[in-house]
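Enquirer: Below is one structure. I have some questions about it.
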Amino acid sequence: MTIIRVSQISEYVDQEVTIQGWVYNRTHKGKLVFLLVRDGSGFVQCVAFKGDLDEELFEQIAHIPQESSIRVIGSIRADGRAPGMPGGYELGIKHLEIIQAAGEDYPMALKEHGVDFALEHRHLWMRMPSQWAILRVRATVTRAIREWLDNNGFVQMDTPILTPAACEGTTTLFETPYFDEGMAYLAQSGQLYNEANIFAFGRVYCFGPTFRAEKSKTRRHLTEFWMVEPEAAFTDLDGLMEIEEQFITHIVQCVLRDCPNELKTLERDTTRLEQVCGPFPRISYDEAADLLKQMRDETEDPEQKELLAFEWGMDFGAPHETALTNRFDKPVFVYGYPTQVKAFYMEPWPGRPEVCKSVDLLAPEGYGEICGGSERISDPDLLLERLHQHNLPEEAFAWYLDLRRYGSVPHSGFGMGVERCVSWLCGIDHIRETIPFPRTIKRVYP
RNA sequence: UCCUCGUUAGCUCAAUUGGCAGAGCGAGCGGCUGUUAACCGCUAGGUUCCUGGUUCGAGUCCAGGACGAGGAGCCA
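Using this note's numbering, read the first sequence as starting at 805 and increasing by one per residue.
Here's what the structure looks like:
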């Protein structure tokens, strides 16, 4: 008997097959029982008719607990009434074997749940269609990331997770004892190592978990999140933006192409996503500041006026990013931030030392920053000066300074937060649903 | 760290001025041949977050605490 996966069901119409999975839902109507069975690849309705089965089996099916694991045999038929994913096909049950009857106290009702309850039961919550869809989009995003980078000359170089000190000297890090060497810190970025790697490989990327111990409690923050960081030699800020827009375009198009069912499950309006292809609008920080002033002057709402309060030199807050991105249909680049709000290694703007060659990419529909990057300082003397200005220990950065002494070149790179990207593509409002087991300031379970 | 809010059945929530602890969903049993969050009937299910106080009487008022959420700052 052919064992098939639900995602392939349309190829087996009128054939007798076996499906292995779990009972997601059960409803019955006298002599009919409908089981909604999921197998990881999709959801399919299986129908038991009393007249077709011996009485003991029918009774067993009629009382099978939710989430029981089963093996079901029957023939596939097309039927527009059948729910499921992809839907429109159902299996007429000829035989069913219960692998394990689930306990009758399964806690996840097929309704909405509060945040705390859902997160406490993350190990079960992920079985539900919305979470199944989001996490499959995530898998598509990570595949698209590797695909584009691998196809465009970027070599994957894994950077260390245990690191000797702060990468940028600002954010709070998780620390752990490290033998006789004092404390080691969980990586908050692989960028500095990437900068070493480009001198050997030209274009590289690292892709892995990243850790920030900041007590951020917002819908945009996790303490453990995944970041991809490409870095390219012989690339200036304009070149970096070209890379970013091709990269993002590829990711969006892969998701639209490969995840239509998932996006439909999430009721994502894809018309906005379909407009996402490069080139993206580019505005300077100065222009963004003017735009914000203009928007603040135009609004009548005093609350909005206060939220949009802004002075040159500030970094953008979430309300500023939302207001800015609402003016555009595509992701928008904001480049040339004030040097004082950015990291020490960013190349100054020619003739304007108060501004640096940095660029953030803001996603539309209010999702805000998904990529942050810059052209890096390539002059060894300037880099040393910046280290001193930021009170960073020169010895710890000796290897990093070496990179500017032996064949320094203009180079640039950026980081993209996977969870923020997936949130945007899925149209959900909190990034904790975009990673299988989210780590937040208040949660390390399960 | 700061500001705001919340905690009542397995889940989502209601409970009027301080006056008998409720509903829907979920679970169990029964009914129905096309359900889409089916529907109908019955049953079970409670330390109202904790501690103390006021009161004849507290889910409700007061004080303290615990836990959680949203936002700010910081960032991806």
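C-beta: ideal position from N, C-alpha, C; glycine also.
(1) Using only alpha-carbon positions, find the residue among Pro968, Glu820, Phe978 that is nearest to Glu985.
(2) Could you round the C-beta distance between Ala1058 and Ala948 to whole angstroms and report it? I think they count as a contact, below 8 Å.
(3) When you measure from the CB of Gly825 to every non-hydrogen atom of the ligand PLP, does any distance come out below 8 Å?
(4) Determine contact between the stretch 1045–1064 and the stretch 1081–1093, defined as no fewer than three beta-carbon pairs at a distance below 8 Å.
(5) Out of Asp1042, Pro964, Tyr989, which has the shortest C-alpha to C-alpha gap to Tyr1009?
(6) On the DSSP letters alone, give me the boundaries of the beta strand (DSSP E) that Asp1206 sits inside.
(7) If you follow the alpha helix (DSSP H) that Glu922 is in, where does it begin and where does it stop?
(8) Measuring alpha carbon to alpha carbon, tell me which of Leu966, Lys1021, Gln819, Lys898 ends up nearest Arg1247.
(9) Following the continuous alpha helix (DSSP H) through Pro1106, name the residue where it begins and the one where it ends.
(10) Are the stretch 928–942 and the stretch 995–1010 touching, with three or more C-beta to C-beta distances below 8 Å?
(11) If you run the structure through DSSP and keep just helix, strand and coil, what is Val1222?
(12) Since I believe Lys1019 is in contact with Ile1245 (beta carbons under 8 Å), could you give me their beta-carbon distance rounded to a whole number of angstroms?
(13) Using alpha carbons as the reference points, say which of Ile823, His1124, Phe1201 lies closest to Phe1148.
(14) Give the secondary structure of Asp984 by DSSP, where H, G and I count as helix, E and B as strand, and everything else as coil.
(15) Could you check how far apart the C-beta atoms of Gly892 and Ala882 are, in whole angstroms? I think they sit under 8 Å.
(16) Indicate the three-state DSSP secondary structure (helix, strand or coil) for Phe1084 in the structure shown.
(17) In angstroms with no decimal places, state the Cα-to-Cα distance between Asp920 and Asp843.
(18) With distance defined between alpha-carbon atoms, name the residue in Asp818, Met961, Ala866, Val1136 nearest to Gly834.
(19) Taking just the CA atoms, how far does Glu1102 sit from Glu1110?
(20) Taking the beta strand (DSSP E) that Pro1116 belongs to, which residues open and close that run?
(21) Can you list the beta strand (DSSP E) stretches of 3 or more residues lying completely in the stretch 939–1023, in chain order?
(22) Tyr1089 lies in the alpha helix (DSSP H); which residues open and close that run?
(23) Mind the definition here: the stretch 869–889 touches the stretch 814–825 only if three or more C-beta pairs lie below 8 Å; say whether that holds.
(24) If you follow the alpha helix (DSSP H) that Phe862 is in, where does it begin and where does it stop?
(25) So, at 8 Å on beta carbons, what are the nonlocal neighbours of Tyr1171 in its own chain, with the 5 sequence-adjacent residues on each side left out?
(26) Fully enclosed by the stretch 810–861, which alpha helix (DSSP H) runs are 4 residues long or longer?
(27) Are the CB atoms of Met930 and Pro1240 within a distance shorter than 9 Å?
(28) Does the Cβ of Ser814 have 16 or more other Cβ atoms within 10 Å, making it buried, or fewer, making it exposed?
(29) Going by beta-carbon coordinates alone, are Arg885 and Gly846 separated by less than 9 Å?
(30) Among His1124, Gly1155, Arg1156, Cys1160, which has the Cα closest to the Cα of Tyr1139?
(31) To the nearest angstrom, report how far apart Ala1037 and Leu1070 are at their CA atoms.
(32) For the candidate residues Asn998, Tyr982, Ala905, whose alpha-carbon lies nearest to that of Phe958?
Expert: From the atom records:
(1) As a first step, residue 985 must be located in the first sequence, where it is residue number 181. That would be Pro968, whose Cα lies nearest to the Cα of Glu985.
(2) Working through the first sequence from its first residue, we reach residue 1058 at position 254. Working through the first sequence from its first residue, we reach residue 948 at position 144. In the sequence on display, residue 1058 carries Cys and not Ala. The pair is a contact, with the Cβ atoms about 4 Å apart (cut-off 8 Å).
(3) Questions concerning the ligand PLP fall outside what the structure shown contains, since it holds no ligand whatsoever.
(4) Enough Cβ pairs lie closer than 8 Å, so yes.
(5) By one-based count along the first sequence, residue 1009 stands at place 205. The residue with the shortest Cα to Cα distance from Tyr1009 is Pro964.
(6) For this step, residue 1206 is matched to residue 402 along the first sequence. Premise fails: Asp1206 lies in the alpha helix (DSSP H), 1202–1206, not in any beta strand (DSSP E).
(7) By 1-based counting over the first sequence, the position of residue 922 is 118. The residue you asked about is not Glu; residue 922 is Ala in the sequence shown. In this chain, the alpha helix (DSSP H) harbouring Ala922 covers 919–924.
(8) Position 443 of the first sequence, counting from 1, holds the residue named residue 1247. Considering only alpha carbons, the answer is Lys1021.
(9) Mapped onto the first sequence, residue 1106 falls at position 302. Note, Pro1106: alpha helix (DSSP H), 1106–1111.
(10) No contact exists between the stretch 928–942 and the stretch 995–1010.
(11) As a working mapping, residue 1222 is identified with position 418 in the first sequence. For Val1222, the three-state secondary structure derived from DSSP is helix.
(12) Position 441 of the first sequence, counted from the start, is the residue given in the question as residue 1245. Position 215 of the first sequence, counted from the start, is the residue given in the question as residue 1019. So it is a contact: roughly 5 Å between Cβ atoms.
(13) The residue labelled residue 1148 in the question sits at position 344 within the first sequence. It is Phe1201.
(14) Reading the first sequence from its first residue, position 180 is the one you call residue 984. In the structure shown, Asp984 falls within a coil segment according to DSSP collapsed to helix, strand and coil.
(15) Taking the first sequence and counting its residues from 1, one reaches residue 892 at position 88. Taking the first sequence and counting its residues from 1, one reaches residue 882 at position 78. Taking 8 Å as the upper bound for CB-CB distance, Gly892 and Ala882 are in contact here, some 6 Å apart.
(16) Within the first sequence, numbered from 1, the residue matching residue 1084 stands at position 280. DSSP places Phe1084 in coil when its eight states are reduced to three.
(17) Taking the first residue of the first sequence as position 1, residue 920 is located at position 116. Taking the first residue of the first sequence as position 1, residue 843 is located at position 39. Rounded to the nearest angstrom, the gap between the Cα atoms of Asp920 and Asp843 is 27 Å.
(18) As a working mapping, residue 834 is identified with position 30 in the first sequence. Considering only alpha carbons, the answer is Ala866.
(19) Walking along the first sequence from the start, residue 1110 turns up at place 306. Walking along the first sequence from the start, residue 1102 turns up at place 298. For Glu1110 and Glu1102, the distance between alpha carbons rounds to 13 Å.
(20) As a first step, residue 1116 is located in the first sequence; it is residue number 312 there, counting from the start. Residue 1116 is actually Trp in this sequence, not Pro. First-last for Trp1116: undefined, no H or E at that position.
(21) Runs of the beta strand (DSSP E) inside the stretch 939–1023: 979–981, 987–990, 1007–1015.
(22) Along the first sequence, one-based indexing puts residue 1089 at 285. First-last of the alpha helix (DSSP H) with Tyr1089: 1089–1102.
(23) In short, these stretches touch, since the Cβ pair count reaches three.
(24) On the first sequence, residue 862 is found 58 positions in, with the first residue counted as 1. Judged by DSSP secondary structure, Phe862 falls within the alpha helix (DSSP H) whose first and last residues are 859–866.
(25) The sequence position of residue 1171 within the first sequence is 367, counting from 1. Its chain contains Thr1129, Arg1224, Ser1227, Trp1228 as the residues whose beta carbon lies nearer than 8 Å to that of Tyr1171, once the 5 sequence neighbours on both sides are disregarded; these appear in chain order.
(26) Those alpha helix (DSSP H) runs which fall completely within the stretch 810–861 and span 4+ residues do not exist here.
(27) Residue numbering aside, residue 1240 sits at position 436 when the first sequence is read from its first letter. Residue numbering aside, residue 930 sits at position 126 when the first sequence is read from its first letter. Yes; because the gap between Cβ atoms is below 9 Å, this pair is in contact.
(28) Within the first sequence, numbered from 1, the residue matching residue 814 stands at position 10. With fewer than 16 other Cβ atoms within 10 Å, it is exposed.
(29) Counting from one through the first sequence, the residue named residue 885 turns up at place 81. Counting from one through the first sequence, the residue named residue 846 turns up at place 42. Taking 9 Å as the cut-off, the Cβ atoms of Arg885 and Gly846 do not count as close.
(30) Residue numbering aside, residue 1139 sits at position 335 when the first sequence is read from its first letter. Looking at His1124, Gly1155, Arg1156, Cys1160, the one whose alpha-carbon comes closest to that of Tyr1139 is Cys1160.
(31) Counting from 1 along the first sequence, the entry for residue 1037 is found at position 233. Counting from 1 along the first sequence, the entry for residue 1070 is found at position 266. One alpha carbon belongs to Ala1037, the other to Leu1070, and they sit about 40 Å apart.
(32) Against the first sequence, residue 958 aligns to sequence position 154. Selected option, being the one with the closest Cα: Asn998.
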